[in-house]
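Peer 1:
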Amino acid sequence: MYLSLNKVPALARFKPLDRVAILNLALKRLSAVEKVGLNLIKLAIIVPPFLALAQLAPWQAVIAIIFVLIGFGIVTRPIQISFAGPHWDKAIDEFNRNRNTEENEGDD
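Reminder that position 91 of the sequence shown reads as 103 in my numbering, one-by-one numbering, no gaps.
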């Protein structure tokens, strides 16, 4: 399991913003079952901390929510990367096609 996009060999030659775009394209290619599974995993990660936060005083909850949301992004990114793994090749092809199309339109 890769913890960040710069560790994925298929994406090594791309700029950081391009890697994020390719990840988004790969995630769009997930089947309905994969999307539901990914979203259920995300819910299983985010619900328990928010249930615990409900017990805190309001000022404590605001600070804790910020940390939970930051942690959520850090924890779920590797999961998204692993779900997107089978779709890297097609997402990279689509990204390159889109980039070539934009370059050709800019030449006109």
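Ideal placement from N, C-alpha and C gives every residue a C-beta, glycine not left out.
Being a predicted model, the structure only gives us computed values, none of them experimental.
From the DSSP output, in three-state form, read off Q67 for me.
Peer 2: Coil, per DSSP.
Peer 1: Measure the beta-carbon distance from P90 to Y14 and round it to whole angstroms, keeping in mind my assumption that it falls under 8 Å.
Peer 2: Yes, they are in contact, since the Cβ atoms of P90 and Y14 sit about 6 Å apart, within 8 Å.
Peer 1: Check the C-beta distance from I93 over to V20 and give it rounded, since I have them as a contact under 8 Å.
Peer 2: About 7 Å separates the two Cβ atoms, so the contact holds.
Peer 1: For I77 versus L63, is the C-beta distance shorter than 8 Å?
Peer 2: Cβ atoms of I77 and L63: not closer than 8 Å.
Peer 1: Looking at C-alpha atoms only, which residue of W71, L68, K27, F95 is the closest neighbour of I53?
Peer 2: The option with the nearest alpha carbon to I53 is F95.
Peer 1: Compute the distance between the beta-carbons of L35 and E106, then report whether it is under 8 Å.
Peer 2: No. Outside cutoff.
Peer 1: Ends of the alpha helix (DSSP H) at P177?
Peer 2: Beyond the ends of the chain as shown, which are 13 and 120, falls residue 177; an answer cannot be given.
Peer 1: How long is the line joining the alpha carbons of F26 and L68, rounded to whole angstroms?
Peer 2: Rounded to whole angstroms, F26 to L68 spans 43 Å at the Cα level.
Peer 1: Nearest to L50 by alpha carbon, out of N116, R109, D101, V87?
Peer 2: Closest option to L50, Cα to Cα, is V87.
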